[in-house]
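Data block below; observations after.
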Amino acid sequence: MIKNIGKGGFGSEAKITVELRTEFPGIGGTITTQQTVVSALREEFGALPGQGHRLFFKHALIKKLDDYFQKSKKYEFTHIPRPIGSTGPDGKGYLYEWVFGSEGFPWFYQNSEGQEEPVSLKEWKEFIGAFNSAGIDLSLDCTDSDNGRISKNIIHQLNQYDPDSWSKLNCLWQRIDFGQRSITINFKRLAEFTKEEKKKLMSALGIDRYEMMILAAAYLENKKEMRAVDAGRLEILTRQYRISTLRHLMSKTGGNILVDSPLICKNTKDNLLK
């Protein structure tokens, strides 16, 4: 079941549609769930074939790092929503869990004396610092292009200021938009980080998730140089990850996964390496 709820927003690169879904296509096959999930469908303007797959992998890689940083006590609350699939016959769009909340809080606040103070978003500095250490800049494109004093691409889920200081916002927020203009990855630094942190990453996330991260990074950096066997392995690991993600989302509603379509490895080269 797929039900269009309405517009979720748009930007210079893509539009977002909010949907209720029980069917989740993507790399590794279509997964069907018992309960509906509120999903965001991102469709790029003028998308090239496979662009949705690339965005899915980019988002998934960042999400697993987010999980690692949270488990490593870099910060307390995870700040990246879960990616759940990619759509279309050519993989031009992708799906992630819809984030409820509000966008566009002010980065500056005028105090009682009429002076401006910067608004402190709890865990923002720790979040940006952690990802910078892995070669990923998540501070880009976080201010409105027409008014740099207003935030963008940060969804605050409980937009309440600290009662002791009107210039403080709590840590219940999510960073969204994983398009090319919003997030950059230094793959050399990322490779160094995943090598340096290998044992800790495998301990925190598991061996399969670590392997998926390494292969996803290779796909994003230069998929043409990937071996077919590695692309096949990435497809298997991605399917496992997507099933696990949807099981987690189902646990919130008491639902379950009903059907997941069989993985057809012989189609891997056509799906991921073309």
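Plus 461 on top of the position in the sequence shown (first one is 1) and you've got the numbering used here. Yeah, the Cβ is synthetic: ideal placement off N, Cα and C, and Gly gets one too. Please read all numbers here as calculations on a predicted model, not as lab measurements.
Residue i to residue j span [Cα, whole Å]
i	j	result
I675	E577	44 Å
M673	L698	6 Å
S500	I644	21 Å
G596	R708	30 Å
A508	K553	6 Å
Y529	E564	25 Å
V690	I488	15 Å
K656	K583	29 Å
I616	K685	35 Å
P723	Y702	Any answer about P723 is weak, because its pLDDT of 49 lies below 50 and its placement is not dependable; what the coordinates show is given next. If I take the Cα positions, the gap works out to 15 Å.
G467	E574	43 Å
P567	L601	16 Å
N614	Q512	20 Å
L651	V560	27 Å
R700	R694	10 Å
P542	K525	10 Å
K713	T539	16 Å
L681	Y671	15 Å
H514	L522	12 Å
L710	Q496	9 Å
E558	R688	31 Å
Start-to-end residues for the alpha helix (DSSP H) that takes in residue i
i	result
S664	659 to 666
G487	G487 -> no alpha helix (DSSP H), and no H or E assigned at all.
F538	Where F538 is concerned, there is no enclosing alpha helix (DSSP H), given that its DSSP letter is neither H nor E.
I611	Run containing I611: none; DSSP gives neither H nor E here.
F588	585 to 594
Q618	From DSSP, Q618 is part of no alpha helix (DSSP H); its letter is neither H nor E.
L707	689 to 712
I523	512 to 532
Cβ distance (whole Å) where residue i is taken to contact residue j below 8 Å
i	j	result
G546	F639	Rounded, the Cβ-Cβ distance is 14 Å, inconsistent with contact.
A742	K532	Residue 742 is absent from the structure shown; the chain starts at 462 and stops at 735.
Contacting residues, own chain, Cβ-Cβ under 8 Å from residue i (five flanking each side not counted)
i	result
Q641	E474
S628	Y570, N572, E578, P579, V580, S581, Y622
L619	G562, N631, L633
T604	W568, R610, I611, S612, K613
Bounding residues of the beta strand (DSSP E) (the contiguous stretch that carries residue i)
i	result
S547	544 to 548
W634	634 to 636
R503	492 to 505
F566	Where F566 is concerned, there is no enclosing beta strand (DSSP E), given that its DSSP letter is neither H nor E.
G554	554 to 558
Close Cβ partners of residue i (< 6 Å) along its chain, the five nearest in sequence each way excluded
i	result
N683	none
F592	L599
R482	I463, V498, S500
In DSSP terms, what residue i is bridged to
i	result
A475	E505
G469	According to DSSP, G469 bridges with nothing at all.
L582	L630
Q571	E577
E480	N465, S500
I597	I646
T604	S612
Neighbourhood of residue i by C-beta distance below 7 Å, restricted to the same chain and skipping five residues each side
i	result
F518	A677, Y680, L681
E587	K535, Y536
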